[in-house]
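The opening residue of the sequence shown carries number 508 in this note's numbering; numbering runs sequentially from there.
For glycine and all other residues, C-beta sits at the position ideal for the given N, C-alpha and C.
Note that the coordinates shown come from a computational prediction; the quantities given were computed from them, not determined experimentally.
Read the structure below first, then the notes.
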Amino acid sequence: MRAGNSVAKITKRIFFAAAFAVLALFAASWAQAQERSPALTLWYDKPAADWEHFGLPIGNGAMGAVIMGGVAVDDVQFNEKTLWTGGPGSPGYDFGLPTGSLAGAVAAVQAELNKSTRLPPEEVAGALGQKSPGYGDYQTFGDIMLTFPGAPSASKAYRRSLDLEHAVARLRYTKDGVRYTRDYFASYPDGVIVIRITADRPGKVTFTAALTVPDNRSVTRVAHSGRITESGALNDNGLKYEAQLQVINEGGRCTDADDGSVSVTGADSAVLILGAGTNYALRYPDYRGPDPHDAVQARVDAAAEKGFVRLLRDHEKDYGRLFDRVTLDIGQRMPDEPTDMLLSRYRGGKSAADRALEALFFQYGRYLLISSSRAGSLPANLQGVWNSSDTPPWNADYHVNINLQMNYWPADPTNLSETETPFLDFVDSLVAPGQVSAEHVFGAKGWTLFLNTDPWGYTGLIAWPTAFWQPEAGAWLASQYYDHYRFTLDKTFLAGRAYPVMKGAAQMWLDALVVDPRDGKLVVSPSYSPEHGPFSAGASMSQQIVYGLFMDVSQAAKILKDDVFRAKVDAALAKLDPGLRIGSWGQLQEWKEDWDDPKDDHRHVSHLYALDPGHQISPLTTPRYAAAARVSLKARGDGGTGWSKAWKISFWARLFDGDHAHLMLAQQLRESTLPNLWDTCPPFQIDGNFGATAGISEMLVQSQSGFINILPALPHDWPNGEVRGLKARGDVTLDVAWSEGKVRRVLLVTGHAGQIGIRSDAFSGRFAFVDQASGRPIALVGKGERRTFLAKSGGRYLMTVL
Ligand code: FUC
508 MRAGNSVAKI
518 TKRIFFAAAF
528 AVLALFAASW
538 AQAQERSPAL
548 TLWYDKPAAD
558 WEHFGLPIGN
568 GAMGAVIMGG
578 VAVDDVQFNE
588 KTLWTGGPGS
598 PGYDFGLPTG
608 SLAGAVAAVQ
618 AELNKSTRLP
628 PEEVAGALGQ
638 KSPGYGDYQT
648 FGDIMLTFPG
658 APSASKAYRR
668 SLDLEHAVAR
678 LRYTKDGVRY
688 TRDYFASYPD
698 GVIVIRITAD
708 RPGKVTFTAA
718 LTVPDNRSVT
728 RVAHSGRITE
738 SGALNDNGLK
748 YEAQLQVINE
758 GGRCTDADDG
768 SVSVTGADSA
778 VLILGAGTNY
788 ALRYPDYRGP
798 DPHDAVQARV
808 DAAAEKGFVR
818 LLRDHEKDYG
828 RLFDRVTLDI
838 GQRMPDEPTD
848 MLLSRYRGGK
858 SAADRALEAL
868 FFQYGRYLLI
878 SSSRAGSLPA
888 NLQGVWNSSD
898 TPPWNADYHV
908 NINLQMNYWP
918 ADPTNLSETE
928 TPFLDFVDSL
938 VAPGQVSAEH
948 VFGAKGWTLF
958 LNTDPWGYTG
968 LIAWPTAFWQ
978 PEAGAWLASQ
988 YYDHYRFTLD
998 KTFLAGRAYP
1008 VMKGAAQMWL
1018 DALVVDPRDG
1028 KLVVSPSYSP
1038 EHGPFSAGAS
1048 MSQQIVYGLF
1058 MDVSQAAKIL
1068 KDDVFRAKVD
1078 AALAKLDPGL
1088 RIGSWGQLQE
1098 WKEDWDDPKD
1108 DHRHVSHLYA
1118 LDPGHQISPL
1128 TTPRYAAAAR
1138 VSLKARGDGG
1148 TGWSKAWKIS
1158 FWARLFDGDH
1168 AHLMLAQQLR
1178 ESTLPNLWDT
1188 CPPFQIDGNF
1198 GATAGISEML
1208 VQSQSGFINI
1218 LPALPHDWPN
1228 GEVRGLKARG
1238 DVTLDVAWSE
1248 GKVRRVLLVT
1258 GHAGQIGIRS
1268 DAFSGRFAFV
1278 DQASGRPIAL
1288 VGKGERRTFL
1298 AKSGGRYLMT
1308 VL
């Protein structure tokens, strides 16, 4: 009996062990099978506990949605980027401008500054600040509420993921042996958000779909033939909106209800297609276009007709064409653990799993940019396109003392040039209202704006003392146009779009700069270093921005042969204070006077603008200023908001300190990154995601100084790797491979014919440099680390270390 018993026990044990092993294998392979790109997938084993920390974003530029993934109730919050309160139609909207001219008040502040050198922000805001009635807020459009009767509130085999390589979010769970899947994506080619609900057994899909909106608008909602149409207008400004959700069931029944919801019962699967729009138009001064009904209806009709398979195929093709251009290998290995755990276990880049997070974070920035910035809509705002509130932080607007600019830093370097179109369209549209502001505030020609703007051409002032005054914002944005030209060498763009915007921004400063009685130099006055210190004349950042723009305009005018304007700008440049001074403790001064406090750790390090994104400072050409910038940066420390840390990645990269740049990336991941890998200021603010992606690209390739610098700031923690598809100024696409911290191979694909300069320490050793097409060696001119060669348009040049 005893022996028999133990044999039975052992057999039982073996049986259970085997069964367990099979189950485990099955579970693992199931988990693997559902991700096509495990290294580029964010995933979680629970529904989102809240929108901000755990929601997974999808978007097609104009529309966005956040996937929470509740099993029994799935709340898909969505946005359409033009749905804003404020602007024309909103009580008192005045573009931030008073009725009379402010030029006299500006002159009075200038006179006061000439006497007293510095003024408290409150005093200047008292003289120049404006109330901002009708400024407005970016709005949540509403929610698709999906309720699944009988579904559990939680499920064991639960997985919610976002595949960055295909831009598809997915939810999986099992109940009573049935596996349920929901796929979500936002299609740019078809202009809709698509959800598919399936089960692996027929007849198992049952749910109700409804649309909800906040109560700050009128609403009518009807359901007809599985289509929910919801329309109305915002109470604040009368902006019309419409959303349509088409539910298409395969098998089972679909019923419309009187309350405007649609129910599907016993289907094999169902597809939901959402379109949304408003009667907003990016057109000064009324900002109104046609009623959104026809366009929304046509889009949803066409997508419904096309069907899920073709919608998905075209979406993946469109998205992949952009995303696939860049790959990054820094020696990462993605562990099979949820992304929130990957983040919480992150220890600063020492392990292959840490590097998996870093590489994922880099590509996430590219994913977010493609998803929130495509031609035909507004640019990415403080939250990209994602916002669940009707009163979001900072109105989820366009701050232009760093934030909007930073959003577009990764566009050109990470080969996503097309995503800049909404930014350029938007800034173009600011010129007309910005001319009124330049005239009103300074009595100047040209255009500008100040701290912040909205989709309603707000180019005037607000009243917040420590931030409202940023008159160089127009110049900064205009320099970004020229930088886009430097990447693309697109002369049609330069002549037709960039130059008029740049010239207008420069014109404003030709008129508005004043002579500083201290030294006879031209300065901005009043001038303010963002959100920091007193008002003065000629703060470093103000001067560096205007100086940078004038240099750009002078070069552009030379290319375009606008000699008359070039002469004016060159004459002003000769008298302009460049905003570069080394102070008593070796720091780069933040103000014209040596007021810097070595203990100050403010998040803005604006006086390093000339280092990044400007290019007046470089360790190679201006080593003294670079050393001073380093002293300032060290003193400010490694803290700050998310965007501040992201900026510091680039600062350190441009000082060629890869380890410190990497440390800033680590700080950002540790302290300023939410479990869904959104950057947090706090709160959630997307600029830091974009800034970090740009910063990583700066660590690997730089080209701001007229030549391509290969691996200028490679950290010791990334000894081996390869990046493919980064862009350098001069229309060059690069692949770079390295090992043991040294360049091994560089492929340059040149879009334009001309001289290309390269800097690499590989040139001091043995190397081959050949034209890939012919296999023939190419003559390089120069010595040491810097070489130049004559590239063909469409050329491919390979450098190999021997
Ligand atoms: C700038 C920053 C703030 C915040 C705001 C939206 O003014 O200084 O920290 O990011 O933008």
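At least 8 Å separates the beta-carbon of V1021 from that of S1049. With fewer than 16 other Cβ atoms inside 10 Å of its own Cβ, Q1262 counts as exposed.
According to DSSP, P564 shares a beta bridge with V573. Taking the CA atoms as reference points, A706 sits about 20 Å from R817.
Using a 10 angstroms sphere on the CB of G1011, the tally of other CB atoms reaches 16 or more, which defines it as buried.
Excluding five sequence positions before and after V1138, the CB atoms of its chain that fall closer than 8 Å to its own CB belong to W1092, G1093, Q1094, L1095, given in chain order. Placement of the Cβ of P696 at a distance of 7 Å or more from every heavy atom of the ligand FUC is found. Going by DSSP, F692 is part of the beta strand (DSSP E) stretching over 685-694. Every candidate beta strand (DSSP E) stretch fails here, since none sits fully inside the region 1142-1194 while reaching 3 residues. Within the model, the alpha-carbon separation for R543 versus G1232 is close to 22 Å.
Per DSSP, M1009 is one residue of the alpha helix (DSSP H) stretching across 1006-1019. Proximity to D861 across P1041, L958, R840 peaks at R840, based on C-alpha coordinates.
Non-local beta-carbon contacts of D582 in its own chain, meaning distances under 7 Å to residues more than five positions away in sequence, involve M575, D650, M652 in chain order. Of the residues P1284, P900, V943, the one whose Cα lies closest to the Cα of Y791 is V943. Runs of alpha helix (DSSP H) with 4 or more residues, each lying fully within the region 595-636, are found at 610-623, 628-635, listed in chain order.
With fewer than 16 other beta carbons inside 10 angstroms of its own, D1108 counts as exposed. Counting other Cβ atoms within 10 Å of its Cβ, D722 stays below 16 and is therefore classed as exposed. Between the region 795-810 and the region 768-783, the count of C-beta pairs closer than 8 Å reaches three or more; the two stretches touch. Below 8 Å, too few C-beta pairs join the region 612-626 and the region 745-759 to call them touching: fewer than three. Closest in C-alpha terms to W963, from the list P640, H1122, T548, comes P640. A check of alpha carbon separations from V578 across E1097, R667, A882 identifies R667 as the nearest.
DSSP places D843 outside any alpha helix (DSSP H), giving it a letter other than H or E.
Measuring C-alpha to C-alpha distances from R677 to each of F655, I702, A661 identifies I702 as the nearest.
Nearest C-alpha to A1079 among R1025, H1122, V1239, D1018: D1018.
By the Cβ test, the region 878-889 is in contact with the region 930-948, since at least three Cβ pairs between them sit closer than 8 Å.
The Cβ atoms of L968 and F975 lie closer than 8 Å to each other. With a cut-off of 8 Å on Cβ pairs, the region 1142-1157 is in contact with the region 1186-1199, counting three or more such pairs.
Sequence-distant partners of P554 (beyond 5 residues in either direction) whose C-beta falls short of 7 Å from its own C-beta, in its chain, are M575, G576, G577, V578, R667.
Residue range 727-731 is occupied by the beta strand (DSSP E) that includes H731, with no alpha helix (DSSP H) assigned at that position. Not a single heavy atom of the ligand FUC lies less than 7 Å from the C-beta of E559. The beta carbon of K952 is closer than 6 Å to those of Q1014, D1018 in its chain, skipping five residues each way along the sequence. Where K682 is concerned, the enclosing beta strand (DSSP E) starts and stops at 675-682.
By the CB criterion at 8 Å, D1268 and Y1304 fall outside the cutoff. F1072 sits close to A1064, with the two beta carbons spaced by under 8 Å.
Residue pairing by DSSP places D775 opposite no residue, since no beta bridge is assigned to it. Under the three-state reduction of DSSP, D1084 is assigned to coil, being neither helix nor strand.
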